[in-house]
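S.K.: Before we start, here is the structure in question, set down as structure tokens.
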Amino acid sequence: MTDIPDPVELTRKLLAYKTVNPPGDEAELARFAIDLLEKAGYAVSTRSFAEKRTSVIAVLEGQGKKRPPLCFTGHMDTVPLGNAGWRVDPFSGRQEGDILYGRGSSDMKGGLAAMLAAALRLAELDRRGADIKLVLTAGEEHGCQGAVFLAEKETEALGDAGGLVVCEPTANYPMLGHKGALWLEAEALGKAAHGSMPEQGVNAIYKIGRAVTRLEEYRFDADAHPVLGSPTLNVGTISGGTNVNIVPDRAVIGIDIRTVPGQKVERVRDDLAAYLGDEVRLSPAVGAESIWTDPEDPWVREVYDIMEPLIGETPGIRGVTYFTDASALKAAMGHPPTFILGPGEPSQAHKTDEYCYASKITTAAEAYFLIGKRWMGIG
Ligand SMILES: [Zn+2]
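The sequence shown begins at 691 in my numbering and counts up one residue at a time.
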């Protein structure tokens, strides 16, 4: 019998590891989690996309295989502290009443701790009818690097899943998906000349200006999703030229596109490149695909039934506004139905004096335990 740590106490321990990304440095936190999981009987392997950028895959073997593995996932890195001063020490895990402060308390060390505490409890059950899998990723806050690495280069180690729970902040509301994201740069090139003789040059800012105007009028060839809404496009940055008296030979804009289920980021990029024509060149597609789980999937009902008494309301069909590691992991694991469900406050992610409600961490640990138990066919 292992000692099951209190999930709030465990969150405090995780907060003390400085996994601010950049640089990330998830290796030590990973080591701590591995020790806990190995002692409980999990078979653990690690995969690093760079030095000290360790992701962890842990599997608790079931005694029967009535269902494919159920996977819980969360990232170990956090965003930087930001420029504003913190009122509390971001790494001490200071608690005032039900409020637990710290960088990553909501996004998402509270979720990670709840997942670990539940995983240790699940290991103590008999007659487990399926495997439980944990995937702890590095580098999520910088383009889901760890998850993308696992999905593209380590698919065998990652393995499959029949259900996926992403423990990102939803205040414990079970969410069925999110939009995808595609961030592109469009570059226009011209020919430099003296500003007094513009006819001898080619002005790259005029070219990028025409592209911006066209983008404002762009309409996606995609239907709105009934829950997640319509795809969006925003030109977020613009730069160009070096001096007022020089015809600019280069100008660049940054484009943020949010996709909906049914769209593929690669295809969206190609459509946009064709629309903008030869005046600009688009960077290669780097994007996160959208995620959606059919509310009619039987597992959705199972999880809703577990969550209803825990959150005190009947869950409705909803999604989150941000994207997650699931964009990479879901396809690589065989497209399992996926929930985003975690104790953090979505509004607290990336904020100064970030906090999480301690009671929600405890509730999430209980929820993950019950979801896992039910999946394994116990009770
Ligand atoms: Zn997160």
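Even for Gly, the Cβ is constructed at its ideal location relative to N, Cα and C.
Please read these numbers as outputs of a predicted model, since none were measured by experiment.
With DSSP as the reference, identify every bridge partner of V778, one or two as the case may be.
M.R.: By one-based count along the sequence shown, residue 778 stands at place 88. DSSP, once it has assigned bridges, lists no residue as partnering V778.
S.K.: Secondary structure at V690, three-state DSSP: helix, strand or coil?
M.R.: Any question about residue 690 goes unanswered here, given that the chain covers just 691 to 1069.
S.K.: Between D797 and A1039, which are expected to be in contact by the criterion C-beta below 8 angstroms, what is the C-beta distance as a whole number of angstroms?
M.R.: In the sequence shown, the residue the question calls residue 797 occupies position 107. In the sequence shown, the residue the question calls residue 1039 occupies position 349. That pair is a contact at about 4 angstroms.
S.K.: Taking just the CA atoms, how far does C857 sit from Y1073?
M.R.: Since the first residue shown for the chain is 691 and the last is 1069, residue 1073 is missing from the structure and cannot be characterised.
S.K.: Which class does F722 belong to by DSSP, given the choice of helix, strand or coil?
M.R.: The residue given as residue 722 occupies position 32 in the sequence shown. The answer is helix: DSSP assigns F722 an H, G or I state.
S.K.: Pop quiz: V925 and I945 are said to be a contact at Cβ under 8 angstroms. What is the actual Cβ separation, rounded to whole angstroms?
M.R.: Taking the first residue of the sequence shown as 1, we reach residue 925 at position 235. Taking the first residue of the sequence shown as 1, we reach residue 945 at position 255. So it is a contact: roughly 6 angstroms between Cβ atoms.
S.K.: Which one of L704, A876, T860, V734 has the shortest CA to CA distance from L972?
M.R.: Here residue 972 refers to the residue found at position 282 of the sequence shown. It is A876 whose Cα lies nearest to the Cα of L972.
S.K.: CA-CA distance, S920 and F1013?
M.R.: Here the question's residue 920 lines up with position 230 in the sequence shown. Here the question's residue 1013 lines up with position 323 in the sequence shown. Taking the straight line from one Cα to the other gives about 15 angstroms.
S.K.: Quick check on the DSSP output: what are the complete beta strand (DSSP E) runs of length 3 or more inside the stretch 743-776, in order along the chain?
M.R.: The stretch 743-776 contains these whole beta strand (DSSP E) runs: 744-750, 760-765.
S.K.: When you compare the stretch 822-830 with the stretch 735-747, are there three or more beta-carbon pairs, one atom per stretch, that lie closer than 8 angstroms?
M.R.: Yes, since at least three Cβ pairs between the stretch 822-830 and the stretch 735-747 fall closer than 8 angstroms, the two stretches touch.
S.K.: Considering only residues of the same chain and omitting the five flanking positions on each side of E718, which have a CB-CB separation below 7 angstroms?
M.R.: Position 28 of the sequence shown, counted from the start, is the residue given in the question as residue 718. If we look at E718 and ignore the five residues flanking it on each side, its Cβ neighbours are Y707.
S.K.: By Cβ distance below 7 angstroms, which residues in the same chain neighbour A1048 in space, the five residues on each side in sequence not counted?
M.R.: Numbered from its first residue, the sequence shown carries residue 1048 at position 358. Once the five neighbours on either side are set aside, the close Cβ partners of A1048 are V698, Q785, D788, L790.
S.K.: Alpha carbon to alpha carbon, what distance is there between V934 and L840?
M.R.: Here residue 840 refers to the residue found at position 150 of the sequence shown. Here residue 934 refers to the residue found at position 244 of the sequence shown. Distance between the alpha carbons of L840 and V934: 47 angstroms.
S.K.: Cβ-heavy atom distance between M798 and ligand 1 below 7 angstroms?
M.R.: Locating residue 798 in the sequence shown gives position 108, counting from the first residue. Under cutoff, so the answer is yes.
S.K.: Just to confirm, does A871 get its C-beta within under 7 angstroms of one of the non-hydrogen atoms of ligand 1?
M.R.: Taking the sequence shown and counting its residues from 1, the one referred to as residue 871 is at position 181. Not under cutoff, so the answer is no.
S.K.: Here's the rule: buried if 16 or more other CB atoms are within 10 angstroms of the residue's CB, otherwise exposed. What is N773?
M.R.: The residue you call residue 773 lines up with position 83 of the sequence shown. It counts as exposed.
S.K.: Looking at C-beta atoms only, is the number of pairs between the stretch 797-815 and the stretch 730-740 that lie closer than 8 angstroms three or more?
M.R.: As far as the Cβ criterion goes, the stretch 797-815 touches the stretch 730-740, which means the pair count is three or higher.
S.K.: Kindly indicate which three-state DSSP category R818 falls into: helix, strand or coil?
M.R.: Counting from one through the sequence shown, the residue named residue 818 turns up at place 128. R818 falls in the coil class under three-state DSSP.
S.K.: Please determine whether the Cβ atom of H832 lies at a distance below 7 angstroms from any heavy atom of ligand 1.
M.R.: Here residue 832 refers to the residue found at position 142 when the sequence shown is read from its first residue. No, the beta carbon of H832 sits no closer than 7 angstroms to any heavy atom of ligand 1.
S.K.: Check for me: the alpha helix (DSSP H) holding G1062 runs from which residue to which?
M.R.: Indexing the sequence shown from 1 puts residue 1062 at position 372. Looking at the DSSP string, the run of the alpha helix (DSSP H) that includes G1062 is 1048-1065.
S.K.: Any heavy atom of ligand 1 inside 7 angstroms of the beta-carbon of H765?
M.R.: Start at 1 with the first residue of the sequence shown, and residue 765 comes out as number 75. Indeed, a heavy atom of ligand 1 lies less than 7 angstroms from the Cβ.
S.K.: Compare the Cα-Cα distances from G792 to each of G930, K703, H832, W982 and report the closest residue.
M.R.: Against the sequence shown, residue 792 aligns to sequence position 102. Measuring from the Cα of G792, the nearest candidate turns out to be K703.
S.K.: So, for P759: in the same chain, excluding its five sequence neighbours on each side, which residues have a beta-carbon less than 6 angstroms away from its beta-carbon?
M.R.: Here the question's residue 759 lines up with position 69 in the sequence shown. Around P759: D821, K823, A851.
S.K.: Can the beta-carbon of T701 be found closer than 8 angstroms to that of G800?
M.R.: Counting from 1 along the sequence shown, the entry for residue 701 is found at position 11. Counting from 1 along the sequence shown, the entry for residue 800 is found at position 110. Contact flag set, yes.
S.K.: What first and last residue would you give for the alpha helix (DSSP H) that runs through G783?
M.R.: The count along the sequence shown starts at 1 and reaches residue 783 at position 93. Where G783 is concerned, there is no enclosing alpha helix (DSSP H), given that its DSSP letter is neither H nor E.
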